[in-house]
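**Q** Below is one structure. I have some questions about it.
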Amino acid sequence: MAQLGEDLYRGLYLARASEQAVIEHYPEDEMRTPMHMSMGQEHIPVGICQGLGGHCDVFASYRSHATFLAQTMNTDRFFAELYGKTSGTAEGKAGSMHLSAPAEGHILSSGIVASPIPVAVGAAFANKRLKTGRISVVFFGDGAVDSGVFWESLNVACLFQLPVFFVCEDNGLAVHTPISNRRGYDSLVDTVSTYRCLVYDDTSNDVEEIHRIAQDALAKNQKNPQPVFMNIACYRYLDHIGTGEDWHYGYRSVDERETWNKRDSLAMQRGRLLERGLGEADIKAMESEIDERIRKSVAFAKKAPFAEPERLYHGVFHESS
Amino acid sequence: MKNAMLSYREGLHNAMHDALAAHDHTLIIGQGVTDHKGIFGTTTGLGEKFGKDRVLDTPLAEESITGICIGAALNGLYPINTHIRADFSLLAFNQIINLAAKYKYMFGGLFNLPMIIRLVVGRSWGQGAQHSQSLQSLFAHIPGLMVIMPSSPHAIEAAYGHAIANHRGPVISLEHRLMYELKFSDDGWSSTAGETPFSSRMVRSGSDVTIVATSIMVLEAMRAAEYLSGHDIDCEVIDLHCVSHPDKQMIIDSVGRTGRLIVADTSWLPYGVTAEVGRIIVEHDPSLLRSPMISMGMQPSPCPTAKSLEDIFYPTVGDLCGNIVRLVKGQESTDIPVPSESSMSDYYKAFRGPF
Chain H
4 MAQLGEDLYR GLYLARASEQ AVIEHYPEDE MRTPMHMSMG QEHIPVGICQ
54 GLGGHCDVFA SYRSHATFLA QTMNTDRFFA ELYGKTSGTA EGKAGSMHLS
104 APAEGHILSS GIVASPIPVA VGAAFANKRL KTGRISVVFF GDGAVDSGVF
154 WESLNVACLF QLPVFFVCED NGLAVHTPIS NRRGYDSLVD TVSTYRCLVY
204 DDTSNDVEEI HRIAQDALAK NQKNPQPVFM NIACYRYLDH IGTGEDWHYG
254 YRSVDERETW NKRDSLAMQR GRLLERGLGE ADIKAMESEI DERIRKSVAF
304 AKKAPFAEPE RLYHGVFHES S
Chain X
-12 MKNAMLSYRE GLHNAMHDAL AAHDHTLIIG QGVTDHKGIF GTTTGLGEKF
38 GKDRVLDTPL AEESITGICI GAALNGLYPI NTHIRADFSL LAFNQIINLA
88 AKYKYMFGGL FNLPMIIRLV VGRSWGQGAQ HSQSLQSLFA HIPGLMVIMP
138 SSPHAIEAAY GHAIANHRGP VISLEHRLMY ELKFSDDGWS STAGETPFSS
188 RMVRSGSDVT IVATSIMVLE AMRAAEYLSG HDIDCEVIDL HCVSHPDKQM
238 IIDSVGRTGR LIVADTSWLP YGVTAEVGRI IVEHDPSLLR SPMISMGMQP
288 SPCPTAKSLE DIFYPTVGDL CGNIVRLVKG QESTDIPVPS ESSMSDYYKA
338 FRGPF
């Protein structure tokens, strides 16, 4: 348990500190890609990805920094892609919104809300048919649930009983529009519960709890493959897009922020490690090691080359053999 | 077996059957693929033979089904997705254009996405505005999609077999409903080979005019060419076939020889196939054209249902002959009678080859 708690904290800290570095360097205008920051929501991908232990194909939305880092822990390629460099995940063609690392199980991220949901279902279909034993996991926001394709995909997954986890990162906002302005029904969880799938509803903001849920769902799934839906409450710390805060626009309350800040998943996990007897110095060492790794990745990305001009035309069409 | 007659539908059924028989990972996915009509007879019996987990009936949920095909392709399967009308694929454009077309490029070449999306273009019998659209230009406009319009069962068998065995990206195929029951002989133009099974094909050589045609307009061009050969007009006919990757050199060389160009497409003219073929010539050497090119396609309106209006909406073989005569003999020459069939659908109801 001690090791698990540390691993989870390391995952949270890596995502949080990486985005802190993005915030620090973004004004230099070298990372020319629209940022949709994960900050405040890191416990979800960290808990799920570690909970599934790598036996999964991850599909993410454009708010995928934490998801990518949780699954790959690869800050070199992460920053290089944000800087648009050849050493990135897609030689700079992807940027922040299309991070991918299929060899490491982060299949892809998409800039169109809800669009990866059916793709994850299709991947699950193939996994079932090819008996790979892998779970297909798709992360999306509560805004995506308002899209028809979510319901189409949930329906098909439940109809065919496919091994796919639908993970709703419920931050209550679609861009800036609250759920109260978007839904003509009372409870998403109750509604999804009428489908033939396992349903989890979490408001803990606790990475260990998310990890436990993921493992529980995985165990049940291994016994009886079926779709899983998780609604996990979280709070988006920053603006929908960009690296800044946005309370000054007045569309959401500062009180709400204070409530969530008190339950910050990173602080919660750090406090827990201290309670369990880990020393402040040990935690600091862990953090410093990650800070240093990020510092090197940023420096490496800044120095890496841009793609040669002819790469513009490379990979547009698939070749025939 | 020489001179065997094969219908477009039979060619499609053969292609679907062979795809499942030859490759374990091939799936046919679409609404109604296992029902008693079997996508106009092109998937009939395949669910029973290969299993309903490989010939997969689905909900009416075009976007998610296309996304599921993409995900299945990413993870090693080969999906063939069907739409009984091309119009219905508009519900899946998000997946096709925002995702499928871009996956290879956007992720730095990490992904292959082998799949076919079959779209049936409707025409006649009152298909109307929402069951008749021929959307090749919308697809071919987007970098990343291979868009084909097979004009014969032989072209289908070759192209689909090639796609499944050798091509690692998404192929959009527009099939023409009006051709489904037409019989084609295996020793005529319809079995002419292109450079690859996706390539444009020279289906008739001639010296007076180049006709570049797509899909069923290839048949119309061949009918017109046969008719006018008796009036001392020698037409060259190119089946464009691959709308996204036309054989530019074939078109340029042909127009270089004939000096005249007619482009006959199944869709609207603005920003379409005809405009694109014109661009190929104009950007290469406009002086190749001795006369202005002529574009033929649907009239600039949605498709009307009433037959009286529909007959005007689509170009007829008579219109095509008239244009050829005008182009080759000059505006004033009207001594060649033009065939007077009221519409192609009337003609093809009874048509049994040899085209």
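Quick note, the sequences are listed as chains H and X, same order. Take the first sequence: its position 96, counted from the start at 1, is 99 in this note's numbering, and no numbers get skipped. Take the second sequence: its position 281, counted from the start at 1, is 268 in this note's numbering, and no numbers get skipped. All C-beta atoms in this analysis are idealised placements derived from N, C-alpha and C, irrespective of residue type, glycine included. As the structure is a computational prediction, the values presented were derived from the model and not from experiment.
(1) Just the C-alpha distance for L(-1)/X and G156/X, rounded to the nearest angstrom, thanks.
(2) Let's see if you can read the secondary structure: which residues bound the alpha helix (DSSP H) around C161/H?
(3) Counting only Cβ-Cβ distances shorter than 8 Å, please list the residues of the region 80 to 93 of chain X near chain H, keeping chain order.
(4) Does the beta-carbon distance from Y65/X to H149/X come in below 8 Å?
(5) Please state whether the Cβ-Cβ distance between A73/X and V20/X is less than 8 Å.
(6) Look at the Cβ atom of H49/H, then the Cβ atom of A24/H, and state whether they are nearer than 8 Å.
(7) Would you report the Cα separation of G113/X and Y301/X, rounded to the nearest angstrom?
(8) Note down, in chain order, each residue of its chain lying with its Cβ closer than 8 Å to the Cβ of L241/H, except the 5 sequence neighbours on either side.
(9) Run through DSSP, which three-state label would D60/H get?
(10) Figure out for me which residue from E263/X, N85/X, A116/X has the closest Cα to the Cα of P291/X.
(11) Skipping 5 residues on each side, what residues in its chain have a beta carbon closer than 6 Å to that of W263/H?
(12) Mind checking whether M133/X and H232/X have CB atoms under 8 Å apart?
(13) Does DSSP put L227/X in a helix, in a strand, or in coil?
(14) Rounding to the nearest angstrom, what Cα-Cα distance links R13/H and E290/H in this structure?
(15) Would you mind sorting R266/H into buried or exposed? The rule is 16 or more other CB atoms within 10 Å of its CB.
(16) With M133/X as the anchor, note down where its beta strand (DSSP E) starts and where it stops.
(17) In three-state DSSP terms, what is E311/H?
(18) Less than 8 Å between CB atoms is the rule here; does S323/H satisfy it with respect to chain X?
(19) Can you check whether the C-beta of P121/H is within less than 8 Å of a C-beta belonging to chain X?
(20) Would you mind working out which of T197/X, E270/X, H118/X sits nearest T345/X, comparing C-alpha positions?
(21) Restricting to Cα atoms, I'd like to know which of N158/H, H109/H, F320/H is closest to R199/H.
(22) Only counting the same chain, and skipping five residues up and downstream in sequence, which positions put a Cβ closer than 6 Å to that of V195/H?
(23) Per DSSP, what are the beta-bridge partners of F171/X in this structure?
(24) A307/H versus chain X: which residues are under 8 Å apart at the beta carbon?
(25) Does the beta carbon of P46/X come closer than 8 Å to any beta carbon on chain H?
(26) Can you name the residues of chain H whose CB is closer than 9 Å to the CB of H154/X?
(27) According to DSSP, simplified to helix, strand and coil, what is E212/H?
(28) With a 10 Å radius around its C-beta and 16 neighbouring C-beta atoms as the bar for buried, classify G288/H as buried or exposed.
**A** According to the structure shown:
(1) 20 Å
(2) 151 to 163
(3) N81, Q82, N85, L86, Y90, K91, Y92, M93
(4) no
(5) no
(6) Rather than His, the amino acid found at residue 49/H in this sequence is Val. Taking 8 Å as the Cβ cut-off, V49/H and A24/H do not qualify as a contacting pair.
(7) 12 Å
(8) M40, M42, G43, G247, E248, D249
(9) strand
(10) A116/X
(11) Y238
(12) yes
(13) coil
(14) 8 Å
(15) exposed
(16) 133 to 135
(17) coil
(18) yes
(19) yes
(20) A question about residue 345/X goes unanswered here, because the residues of chain X that appear run from -12 up to 342.
(21) N158/H
(22) V202, F232
(23) L(-7)/X
(24) The premise fails here: A307/H is roughly 14 Å from chain X at the closest Cβ pair, so nothing lies under 8 Å.
(25) yes
(26) H321, E322, S323, S324
(27) helix
(28) Correcting the residue type first, residue 288/H is Ala in the shown sequence and not Gly. Answer is exposed; the Cβ neighbour count stays below 16.
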